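Residue numbers (the numbering used here): 11 to 253.
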Amino acid sequence: MAENRLNTVDLDRQLSEQTPQEIIQYALEEFDNIAISFSGAEDVVLIDMACKINPGKVQVFSLDTGRLHAETYQFIEKVREHYGIEIDVVFPEAAAVNKMVREKGLFSFYKEDHKECCSIRKIGPLRRKLLTVDAWITGQRRDQSPGTRTSIPVIQDDKAFARPDDSLTKFNPLANWTSAQVWDYIRSNNVPYNALHDKGFVSIGCEPCTRPTGPGQHEREGRWWWEEATLKECGLHAVNINK
């Protein structure tokens with residue numbers, strides 16, 4: 011296992027000047043046990059880059075909340091077949107989901123907020139997965155969400171999901187990229203993408219909490235539209251809010 015107690019502040023200054031491919035190459039060289047978190051267009055760009063850099067070392071996982079669009083399940087399978095990789099699909103604890111639905115119904119997040127549902131369906135499974143790795147790679151971009159992602163670093167010490175008395179390194183190679191750069195890469199490299207993007211969806215999550223965005227709307231306006239804009243994080247990247 012690579013030494014994972016890195017000086018992430020100094021490294022962020024260095025890596026911020028490098029391309030996403032160079033950041034991914036550094037991450038794959040530094041850590042033997044590292045995984046890419048996969049759900050959307052940005053993540054497949056990361057997978058495509060990683061497969062071109064070191065195809066034998068690409069470890070990918072995806073969270074299945076049980077509430078995804080049919081197109082998203084088809085997308086996961088398309089990516090698996092396209093790159094010939096294994097995708098570890100991680101599920102929530104059935105008992106916790108059953109208890110929440112039995113007590114509050116299937117759409118409690120519309121009446122309250124999305125935090126409890128996301129905690130059970132997303133954060134719990136993510137925490138279990140991240141306890142098994144030393145580092146992870148995400149597709150976060152600084153321009154993705156007003157108020158929550160504008161200052162994300164390229165590399166950070168993820169204290170939220172680290173094992174007790176250990177550290178977990180988190181890489182955000184696309185932090186400096188725009189949505190236009192992501193889609194330029196997808197089109198130029200024939201990267202597979204979710205069919206929902208052709209139907210007006212930009213940021214895609216669970217089916218009940220995602221809708222298409224209109225002209226002039228920010229991409230995150232299609233997520234949890236009934237809640238205040240600066241709090242639109244499901245908890246996977248809660249450090250963006252709780253600084």
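Backbone N, C-alpha and C define an ideal beta-carbon position, used for all residues, glycine too. Please read all numbers here as calculations on a predicted model, not as lab measurements.
Residue environment, residue i, which counts as buried when at least 16 other CB atoms sit within 10 Å
i	result
residue 49	buried
residue 29	exposed
residue 144	buried
residue 83	exposed
residue 26	exposed
residue 117	exposed
residue 132	buried
residue 94	exposed
residue 215	buried
residue 104	exposed
residue 19	exposed
DSSP three-state assignment for residue i, whether helix, strand or coil
i	result
residue 118	helix
residue 163	coil
residue 180	strand
residue 20	helix
residue 253	Bear in mind that a pLDDT of 48 at residue 253, under 50, signals an unreliable position, so the number given afterwards is only what the model happens to contain. Residue state, collapsed to three classes: coil.
residue 153	coil
residue 198	helix
residue 98	strand
residue 11	For residue 11, the pLDDT reaches just 42, beneath the cut-off of 50, and the residue's location in the model is therefore unreliable, although a value from the coordinates is still provided. Here residue 11 sits in coil by DSSP.
residue 72	strand
residue 129	helix
residue 136	helix
residue 212	coil
residue 103	coil
residue 82	helix
residue 27	coil
residue 169	coil
residue 53	helix
residue 93	helix
residue 206	helix
Opposing strand residues paired with residue i [DSSP bridges]
i	result
residue 233	220
residue 45	146
Identity of the residue in the options nearest residue i by Cα
i	options	result
residue 168	175, 162, 179	179
residue 81	205, 128, 115, 117	205
residue 192	145, 41, 52	52
residue 45	149, 224, 122, 88	149
residue 107	134, 85, 99	134
residue 67	35, 154, 132, 79	35
residue 140	37, 32, 47, 31	47
residue 227	217, 215, 219, 211	211
residue 163	23, 60, 39	23
residue 125	219, 16, 200, 61	219
residue 177	187, 201, 208, 142	142
residue 91	112, 203, 103, 183	203
residue 77	128, 208, 63	128
residue 208	174, 154, 85, 31	85
residue 183	43, 41, 59, 42	59
C-beta contact flag for residue i and residue j at 8 angstroms
i	j	result
residue 171	residue 137	yes
residue 72	residue 55	no
residue 147	residue 21	no
residue 152	residue 185	yes
residue 237	residue 74	no
residue 223	residue 217	no
residue 233	residue 213	yes
residue 89	residue 57	yes
residue 97	residue 70	yes
residue 17	residue 38	no
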